[in-house]
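>
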Ligand code: BDR
Ligand code: CA
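In UniProt numbering, the protein residues as written are 8 to 323.
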């Protein structure tokens with residue numbers, strides 16, 4: 008299996024991502040680190056531990072990370088309910104996070120892995136930025152970073168900025184310039200992978216607590232934009248799509264493109280500026296002579312393939 012570490016802000020769709028990752032036989036989840044984003048970091052830790060217990064994976068180490076972005080105060084996402092996880096009334100977890108912070112756990116697990124680790128951040132990138140600045144030697148054992156964040160086209164936190172990048176744009180810049188292979192699973196693909204209502208209904212009726220939780224979480228996710236009213240239980244996989252991308256890279260189409268984050272104050276702050284210009288004589292950018300790092304940007308997704316992968320894995 009591929010060794011992976013998930014850095015999350017659980018979060019309804021982060022929870023969907025965790026359920027997939029811990030049940031996928033091709034992934035070995037070595038650790039999970041928590042950061043402020045959808046809700047405050049203590050809420051994220053609690054939600055993450057609860058999800059792992061429901062999923063039947065209570066032993067994966069979980070660490071508490073940054074409680075605010077590098078520069079700005081934390082600004083939580085209102086769409087995830089008052090507890091950050093859809094107010095489903097889930098039980099409190101029975102264990103606590105490990106007694107080291109997220110950056111320390113990340114360093115330890117990355118360097119201890121016999122094969123290079125894939126990082127899957129599904130949250131603001133504060134923990135990852137602190138890791139890269141504190142322990143730059145970790146990059147030698149990172150295979151790739153597949154992050155949910157950014158957008159080629161339209162934003163959600165602002166007209167042009169996606170929430171995870173907007174919450175900590177400086178951290179996102181540190182990630183993008185880390186010098187390791189990066190895949191951006193942005194809003195352009197993120198919003199497209201939706202589980203239809205009848206399937207969500209089936210998940211909610213399962214006898215397995217983890218499968219049931221997936222159904223309840225999906226039912227809490229927004230229905231297909233423009234969908235009919237009887238689509239109301241349909242829900243997007245959201246962050247779980249980034250985990251799908253690691254488990255089944257053929258499910259997305261990527262292009263290697265220069266990506267920069269706007270750090271300017273004002274209406275562009277947090278925008279990912281993706282350069283899609285084609286230079287004369289060039290089919291694709293090749294990086295030579297360019298200062299902006301190339302990122303494998305997901306520009307298309309096989310929706311049915313990812314939904315099938317999700318269901319087959321979570322309902323196992
Ligand atoms: C991202 O923001 C959060 O609300 C979601 O969990 C996802 O990671 C989407 O912009
Ligand atoms: Ca998230």
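Even for Gly, the Cβ is constructed at its ideal location relative to N, Cα and C.
Report the three-state DSSP secondary structure of residue 308 (helix, strand or coil).
Note: residue 308 maps to strand in three-state DSSP.
> So which residues put a beta carbon under 7 Å from any heavy atom of ligand 2, going in chain order?
Working through the chain, the matches are 15, 16, 18, 20, 21, 44, 45, 129, 130, 155, 171, 246.
> When you compare each of 55, 316, 92, 139 to residue 183 by their alpha carbons, which one comes out closest?
139
> If residue 76 and residue 133 are in contact, beta carbons under 8 Å, what's the gap, nearest whole angstrom?
5 Å
> Determine, using beta carbons only, whether residue 128 and residue 277 come nearer to each other than 9 Å.
Against a cut-off of 9 Å, the Cβ pair of residue 277 and residue 128 comes out as no contact.
> Using the C-alpha atoms, what's the distance from residue 48 back to residue 157?
21 Å
> Which residues in the same chain as residue 233 place their Cβ atom closer than 8 Å to its Cβ, once the five residues preceding and following it in sequence are excluded?
Residue confidence for residue 233 is low, a pLDDT of 48 falling below 50, so the modelled location carries little weight and cannot support an answer.
> Sorted by chain position, which residues of the same chain lie with C-beta nearer than 8 Å to residue 105's C-beta, five sequence neighbours on each side aside?
Answer for residue 105: 68, 69, 70, 112, listed in chain order.
> Since residue 60 is in the alpha helix (DSSP H), which residue starts that stretch and which ends it?
48–61
> Among residues of its own chain, excluding the 5 on either side of residue 258, which ones have a beta-carbon nearer than 8 Å to its beta-carbon?
A distance below 8 Å between beta-carbons, with the five flanking residues on each side excluded, links residue 258 to the following residues of its chain, in chain order: 251, 252, 308, 309, 312, 313, 316.
> Residue 54: beta carbon under 8 Å from a heavy atom of ligand 1?
When distances are taken from the beta-carbon of residue 54 to the heavy atoms of ligand 1, even the shortest one reaches 8 Å or more.
> In or out: residue 8 buried (at least 16 other Cβ within 10 Å) or exposed?
Per the 10 Å Cβ criterion, exposed.
> Which word fits residue 101, buried or exposed, when buried means at least 16 other C-beta atoms lie within 10 angstroms of its C-beta?
exposed
> Scan the region 137–179 and note each continuous alpha helix (DSSP H) run of 4 residues or more that stays entirely inside, going in chain order.
170–174
> In chain order, which continuous runs of the alpha helix (DSSP H) of length 4 or greater are located wholly inside the region 204–229?
Runs of the alpha helix (DSSP H) lying entirely within the region 204–229 and spanning at least 4 residues, in chain order: 204–211, 216–227.
> Is it a yes or a no for the region 16–26 touching the region 38–48, going by three-plus beta-carbon pairs under 8 Å?
In this structure the region 16–26 touches the region 38–48; the number of beta carbon pairs closer than 8 Å is three or more.
> Determine the closest residue to residue 14 out of 31, 141, 36, with distance taken between C-alpha atoms.
Here the closest residue by C-alpha is 36.
> Could you have a look at residue 253 and say whether DSSP puts it in helix, strand or coil?
In the three-state reduction of the DSSP assignment, residue 253 falls in the helix class, which pools H, G and I.
> According to DSSP, simplified to helix, strand and coil, what is residue 111?
helix
> Could you name the residues of the same chain whose beta carbon sits closer than 7 Å to that of residue 254, not counting the 5 residues immediately before and after it, in chain order?
31, 33, 34, 316
> Under 8 Å from any heavy atom of ligand 4, does the C-beta of residue 227 make it?
By its list of ligands, the structure shown excludes ligand 4, since it contains just ligand 1 and ligand 2.
> Please determine whether the Cβ atom of residue 270 lies at a distance below 8 Å from any heavy atom of ligand 1.
no
> Can you find a heavy atom of ligand 1 that lies under 8 Å from the Cβ of residue 148?
Residue 148 Cβ: outside cutoff for every heavy atom of ligand 1.
> Can you tell me the Cβ-Cβ gap for residue 336 and residue 225, rounded? I've got them flagged as a contact below 8 Å.
The structure shown has nothing for residue 336, since the chain only spans 8 to 323.
> Between the region 206–215 and the region 78–86, do at least 3 Cβ pairs fall closer than 8 Å?
no
> What is the DSSP secondary structure of residue 316, counted as helix, strand or coil?
helix
> Quick check on this structure: which residue in 301, 52, 55, 62 has the alpha carbon closest to the alpha carbon of residue 180?
301
> Is residue 313 near ligand 1, going by C-beta to nearest heavy atom under 8 Å?
In terms of side-chain proximity, the C-beta atom of residue 313 is found no nearer than 8 Å to any non-hydrogen atom of ligand 1.
> Determine the extent of the beta strand (DSSP E) in which residue 64 is found, giving its start and end residues.
It is not in any beta strand (DSSP E) - residue 64 carries neither H nor E in the DSSP assignment.
> If distances are taken between C-alpha atoms only, which option among 73, 185, 261, 270 comes closest to residue 131?
73
> In the DSSP assignment, what are the bridge partners of residue 29?
None, per the DSSP bridge assignment.
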